[in-house]
Amino acid sequence: MAIYVGPIIIIPSWIYLNSKIIRISRVNKISSIADFIGLRYGNSRSLSAIIALVCILAIIPYIALQIKSISETFHLITVTENSTSILFDSSTYVVIIIALFSSYYGTKYVDASEKRLGIISAVAAESFFKLIFFVILGLFVVYGVFNGFEDIYRQAEKLPDFAAKNSFNGLEGSFNWFLMLMLSMSAIFLLPRQFHTAIIENRKEKHIKTAIWLFPLYLLIFNFFVFPIAWGGKILFFGQDVNPELYSILIPQKFGNIFISTLVFFGGLSACISMIIISSISLSIMLSNNIIIPYGWLDKFKSENDTDNTKSIVNIRKVSIFLLIISGFIFYKYLLLGKSLFSIGLVSFVLIAQLGPSFFGAIFWRRGTYAGSVSGIIVGVLLCFLGLILPSFSENFVQSEFYQSEFFSFFKIPYLSPITQIFFWSMLVNSALFILISANTVSNYRERNYAELYVDIDDYIQNHENAYIWKGTANVSDIQKILVRFLGQKKTEQALKIFNLKYNITDESDTADSRFIKFSENLLSGRIGTASAKILIEGVTKEDKISLPEVLQILEESKENISINKQLSEQSSQLLKLSGDLQVANINLIEKDQQKDEFLDSVAHELRTPLTAIRATSEILLDDEDMPAELKKDFLKNIISESDRLNEIINDILYLDKLETGTISLHISENNIIETFKKSLKPLLHLFDQRHLHHSEVHLLENEIYRFDEQRMIQVFQNILGNALKFTNEQGMIQTKFQEKDDQLKISIFNTGKTIPEEDLEFIFDKFYQSKNQNLRKPIGSGLGLAICKKIMIAQNGNIEVKNKEIGVSFEIYLPKENESVPNADDQNM
Amino acid sequence: MKKIVIADDEHKIIMTLEYAFKKAGYEVFIARDGSEVLELLKTEIPDMILLDIMMPNIDGYTTLAEIKKDKNLDKTKVIFLSAKTGEADVKKGLELGADDYITKPYSIKKLTERVEELLK
Numbered sequence: 012m013a014i015y016v017g018p019i020i021i022i023p024s025w026i027y028l029n030s031k032i033i034r035i036s037r038v039n040k041i042s043s044i045a046d047f048i049g050l051r052y053g054n055s056r057s058l059s060a061i062i063a064l065v066c067i068l069a070i071i072p073y074i075a076l077q078i079k080s081i082s083e084t085f086h087l088i089t090v091t092e093n094s095t096s097i098l099f100d101s102s103t104y105v106v107i108i109i110a111l112f113s114s115y116y117g118t119k120y121v122d123a124s125e126k127r128l129g130i131i132s133a134v135a136a137e138s139f140f141k142l143i144f145f146v147i148l149g150l151f152v153v154y155g156v157f158n159g160f161e162d163i164y165r166q167a168e169k170l171p172d173f174a175a176k177n178s179f180n181g182l183e184g185s186f187n188w189f190l191m192l193m194l195s196m197s198a199i200f201l202l203p204r205q206f207h208t209a210i211i212e213n214r215k216e217k218h219i220k221t222a223i224w225l226f227p228l229y230l231l232i233f234n235f236f237v238f239p240i241a242w243g244g245k246i247l248f249f250g251q252d253v254n255p256e257l258y259s260i261l262i263p264q265k266f267g268n269i270f271i272s273t274l275v276f277f278g279g280l281s282a283c284i285s286m287i288i289i290s291s292i293s294l295s296i297m298l299s300n301n302i303i304i305p306y307g308w309l310d311k312f313k314s315e316n317d318t319d320n321t322k323s324i325v326n327i328r329k330v331s332i333f334l335l336i337i338s339g340f341i342f343y344k345y346l347l348l349g350k351s352l353f354s355i356g357l358v359s360f361v362l363i364a365q366l367g368p369s370f371f372g373a374i375f376w377r378r379g380t381y382a383g384s385v386s387g388i389i390v391g392v393l394l395c396f397l398g399l400i401l402p403s404f405s406e407n408f409v410q411s412e413f414y415q416s417e418f419f420s421f422f423k424i425p426y427l428s429p430i431t432q433i434f435f436w437s438m439l440v441n442s443a444l445f446i447l448i449s450a451n452t453v454s455n456y457r458e459r460n461y462a463e464l465y466v467d468i469d470d471y472i473q474n475h476e477n478a479y480i481w482k483g484t485a486n487v488s489d490i491q492k493i494l495v496r497f498l499g500q501k502k503t504e505q506a507l508k509i510f511n512l513k514y515n516i517t518d519e520s521d522t523a524d525s526r527f528i529k530f531s532e533n534l535l536s537g538r539i540g541t542a543s544a545k546i547l548i549e550g551v552t553k554e555d556k557i558s559l560p561e562v563l564q565i566l567e568e569s570k571e572n573i574s575i576n577k578q579l580s581e582q583s584s585q586l587l588k589l590s591g592d593l594q595v596a597n598i599n600l601i602e603k604d605q606q607k608d609e610f611l612d613s614v615a616h617e618l619r620t621p622l623t624a625i626r627a628t629s630e631i632l633l634d635d636e637d638m639p640a641e642l643k644k645d646f647l648k649n650i651i652s653e654s655d656r657l658n659e660i661i662n663d664i665l666y667l668d669k670l671e672t673g674t675i676s677l678h679i680s681e682n683n684i685i686e687t688f689k690k691s692l693k694p695l696l697h698l699f700d701q702r703h704l705h706h707s708e709v710h711l712l713e714n715e716i717y718r719f720d721e722q723r724m725i726q727v728f729q730n731i732l733g734n735a736l737k738f739t740n741e742q743g744m745i746q747t748k749f750q751e752k753d754d755q756l757k758i759s760i761f762n763t764g765k766t767i768p769e770e771d772l773e774f775i776f777d778k779f780y781q782s783k784n785q786n787l788r789k790p791i792g793s794g795l796g797l798a799i800c801k802k803i804m805i806a807q808n809g810n811i812e813v814k815n816k817e818i819g820v821s822f823e824i825y826l827p828k829e830n831e832s833v834p835n836a837d838d839q840n841m
Numbered sequence: 024m025k026k027i028v029i030a031d032d033e034h035k036i037i038m039t040l041e042y043a044f045k046k047a048g049y050e051v052f053i054a055r056d057g058s059e060v061l062e063l064l065k066t067e068i069p070d071m072i073l074l075d076i077m078m079p080n081i082d083g084y085t086t087l088a089e090i091k092k093d094k095n096l097d098k099t100k101v102i103f104l105s106a107k108t109g110e111a112d113v114k115k116g117l118e119l120g121a122d123d124y125i126t127k128p129y130s131i132k133k134l135t136e137r138v139e140e141l142l143k
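Chains as they are written, first to last, in the numbering used here: chain A, 12 to 841; chain B, 24 to 143.
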């Protein structure tokens with residue numbers, strides 16, 4: 012029970028812990044827990060090898076367990092006997108097939124820190140099916156064999172050991188229970204298989220958040236049926252010698268339900284296979300990267316050809332996986348037969364837990380040292396060996412004087428089970444050694460460097476290469492040669508390009524700095540492990556020793572640099588934005604400037620035209636004394652009218668400018684729109700008569716009161732009516748229609764006559780537009796009238812548009828029904 | 024009698040030019056835009072055309088280009104009269120083949136002298 016509760020309790024701390032571990036691993040291209048711990052304590056080859064050994068020692072029995080359950084259930088389901096000879100045991104071949112498959116499938120990528128999405132998807136699918144099958148089995152046992160949960164517990168109560176199994180057994184039991192909880196909690200972080208799936212295969216940090224609710228839910232559903240099945244089995248097989256681990260297959264088989272027992276077999280089989288595969292992959296990475304390659308095999312990668320080297324790495328891993336599984340099988344065959352699944356599993360957990368102090372110390376404690384870590388782990392493992400492994404395999408040892416001695420029994424805590432007892436003592440001694448020795452040894456600069464990098468990973472995550480301290484002499488070309496040997500020419504060049512881009516490096520100098528060294532080590536780490544990467548790089552560089560205070564100083568500087576960098580990049584992005592804004596403003600100004608130029612050109616042109624007439628006329632009048640009186644009068648009249656025109660243009664320009672700058676204030680008040688229109692029309696009526704034009708009005712309004720500036724509206728009406736007067740054909744007509752449409756007052760002033768060319772429609776309200784477009788008949792006005800009308804209407808929250816109709820042109824003036832908001836100066840400045 | 028065409032869309036400007044050139048002894052033809060000029064040229068071969076640039080329907084530039092295509096009008100002189108006074112405008116007018124480019128407002132006296140000079 013505690014085995015399942017532990018993970019559920021520890022899961023919430025995942026968010027914090029795992030995101031930290033994931034970041035550290037990603038930044039350093041870490042591919043196993045041995046890399047993780049070894050790198051922290053000075054990228055130590057020996058420490059990571061020790062850790063790899065501990066893992067292998069702990070996990071091979073675990074693999075053996077899986078093989079055991081595969082082979083036992085296999086025999087159970089096929090109803091065959093377990094053969095004593097390996098060669099004639101059918102399960103041997105099943106295991107060999109699994110081993111071959113794993114070694115092929117697990118080594119598709121050379122870079123061990125690479126993500127294998129396929130495997131993870133397979134595991135996910137396997138877990139899902141296992142759950143479904145288990146739920147089916149649970150339902151079968153509870154409702155098919157028994158009559159629901161109550162029935163099982165009623166019958167179970169009669170069993171002799173029911174009470175004992177369902178309580179904590181007082182304080183002593185609770186202490187036992189608590190230690191088991193601790194054990195499973197540390198296992199979920201430290202098991203190579205867990206580390207691999209949770210850290211190395213993690214693609215996005217936010218996936219942790221999903222895992223936090225999904226994983227406990229998964230375990231809870233599982234636990235929901237574990238007890239009924241276990242008790243059901245006890246009831247059914249009471250008094251018989253039956254392994255309780257096989258209840259799940261035996262119960263359906265007893266009732267002849269082959270379907271369900273097969274289902275459960277496959278669920279269990281796939282689960283075991285996936286555990287074997289993942290475990291062996293993670294172990295093989297450690298075996299190859301932390302033991303085989305750094306100890307001896309490195310010299311074998313002499314080939315200049317990266318494919319050869321890659322092939323040897325892959326082969327090492329393939330053979331490792333195969334050997335690991337096979338040794339698991341041998342372990343099972345010769346050492347494990349007949350032992351309980353549960354206790355062997357727990358021994359594995361206790362062994363793995365020995366990595367705990369160094370592991371958690373790596374993340375939280377800067378003072379932890381190599382010496383502390385190594386001594387803690389070695390002594391812890393030794394204790395496990397003495398207390399758990401030896402006694403269970405060697406009867407002689409149990410009988411020996413040493414084991415029976417006073418010394419040994421001194422440490423025996425009577426109420427603890429042997430496993431929790433050893434867990435307790437080994438962890439106590441391990442942690443104590445780790446802390447005491449660490450506190451009394453001085454870490455070397457490399458350890459201190461990584462200590463900072465691990466504990467404060469969030470400070471360095473961006474440009475972590477900056478935080479790596481290295482002094483000495485190194486050449487880019489030498490390092491590059493090594494990279495090519497493992498990555499190939501193309502990938503190396505690509506990687507260097509990325510590096511140069513990241514740090515803005517443009518100079519061609521051959522001197523490698525600390526960033527480049529760390530970068531190169533990372534590139535190699537994924538393939539051959541951090542320790543071997545360091546050894547390879549060390550081979551072509553000459554490193555100077557740095558004192559500890561120097562390390563701390565450099566780190567402090569780099570932290571400052573990073574924060575300064577952050578500030579700088581913030582400032583530069585602000586500047587960039589500012590310069591963007593300025594550019595836009597500049598473009599706007601240039602555009603405005605151009606508009607102003609065009610406007611001035613137009614103004615000059617408009618002013619010169621009447622001026623030309625005035626000048627020429629005056630010149631003629633001056634020179635020509637014998638001009639007929641009648642003609643003389645006409646010419647003088649022209650001078651007057653052209654002078655008036657000049658003045659009108661000047662007035663309009665000034666007026667438009669005031670409208671644009673908003674210096675004219677609107678006097679918006681409630682007015683009767685019909686009355687206002689009549690006021691506008693009155694002074695023009697005689698012109699209508701002169702030209703024999705007919706004017707009519709159509710009123711469709713319920714309400715005639717609107718809010719607007721009356722003087723401005725009169726100006727707009729007169730302008731549009733004046734325009735209509737100019738362009739209406741002889742005997743034509745002008746019609747003004749008042750109506751309400753879409754909550755707006757709409758006034759259409761329509762005149763018969765020539766329509767406006769389509770291409771001119773959208774420009775007609777532009778300043779001087781008429782004079783610029785040669786296709787448009789020139790009006791007598793300033794060329795600013797319509798532009799002024801548009802400005803006035805928009806300032807009153809209204810609008811004015813023009814539309815061609817079948818036999819003429821219609822100007823449509825809009826005013827909002829509710830014109831409450833008096834527009835401010837900005838709104839008028841359009 | 025030399026024939027002169029006055030092309031402008033401003034009535035009051037036409038009045039002055041018409042008076043001045045009639046008095047100077049020319050036969051004067053009036054056109055209010057480019058299309059009227061081209062219409063006129065179908066029947067008349069004038070000695071001089073005074074051409075405004077900014078006219079409705081067909082502008083002065085297009086009118087001149089049409090004139091240049093007509094071989095019958097090889098000897099006809101063209102002067103642009105325009106309120107467009109920018110250097111670029113003047114250059115463009117002369118490049119199109121106008122004999123002169125006179126900016127508005129002009130002196131009637133100088134204009135008539137220039138016309139006479141070109142027609143010598």
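Using N, Cα and C, we set each Cβ at its ideal position, and we do this for glycine too.
These figures come from a predicted structure and were not determined experimentally.
For residue i, is the classification buried or exposed, using 16 other Cβ atoms within 10 angstroms of its Cβ as the cut-off for buried?
i                      : result
residue 128 of chain B : buried
residue 345 of chain A : exposed
residue 648 of chain A : exposed
residue 373 of chain A : buried
residue 824 of chain A : buried
residue 841 of chain A : Because residue 841 of chain A sits at a pLDDT of 41, beneath the cut-off of 50, its placement in the model cannot be relied upon, and the following sentence gives the value as read from the coordinates. Its Cβ having fewer than 16 others within 10 Å, residue 841 of chain A is exposed.
residue 763 of chain A : buried
Between residue i and residue j, which are expected to be in contact by the criterion C-beta below 8 Å, what is the C-beta distance as a whole number of angstroms?
i                      : j                      : result
residue 26 of chain B  : residue 56 of chain B  : With a Cβ gap of about 19 Å, residue 26 of chain B and residue 56 of chain B do not count as contacting.
residue 236 of chain A : residue 149 of chain A : 3 Å
residue 203 of chain A : residue 44 of chain A  : 6 Å
residue 6 of chain A   : residue 398 of chain A : Outside the modelled stretch of chain A, which goes from 12 to 841, sits residue 6 of chain A, for which no answer is possible.
Quick check: what's the CA-CA separation for residue i versus residue j?
i                      : j                      : result
residue 499 of chain A : residue 54 of chain A  : 25 Å
residue 829 of chain A : residue 717 of chain A : 8 Å
residue 524 of chain A : residue 510 of chain A : 12 Å
residue 134 of chain B : residue 611 of chain A : 27 Å
residue 102 of chain B : residue 119 of chain B : 11 Å
residue 100 of chain B : residue 141 of chain B : 7 Å
residue 785 of chain A : residue 88 of chain B  : Note that residue 785 of chain A scores 42 on pLDDT, short of 50, meaning its location in the model is unreliable and no value can be drawn from it.
residue 460 of chain A : residue 546 of chain A : 17 Å
residue 265 of chain A : residue 234 of chain A : 23 Å
residue 384 of chain A : residue 61 of chain A  : 10 Å
residue 641 of chain A : residue 701 of chain A : 24 Å
Mapping DSSP to helix, strand and coil, what is residue i?
i                      : result
residue 467 of chain A : coil
residue 24 of chain B  : coil
residue 552 of chain A : coil
residue 98 of chain B  : coil
residue 522 of chain A : strand
residue 784 of chain A : Here residue 784 of chain A scores only 48 on pLDDT, less than 50, and its place in the model is too uncertain to base an answer on.
residue 123 of chain B : strand
residue 688 of chain A : helix
residue 767 of chain A : coil
residue 577 of chain A : helix
**Study point:** Any beta strand (DSSP E) of 3 or more consecutive residues that is wholly inside the stretch 30–82 of chain B
**Key:** 50–54 and 71–75
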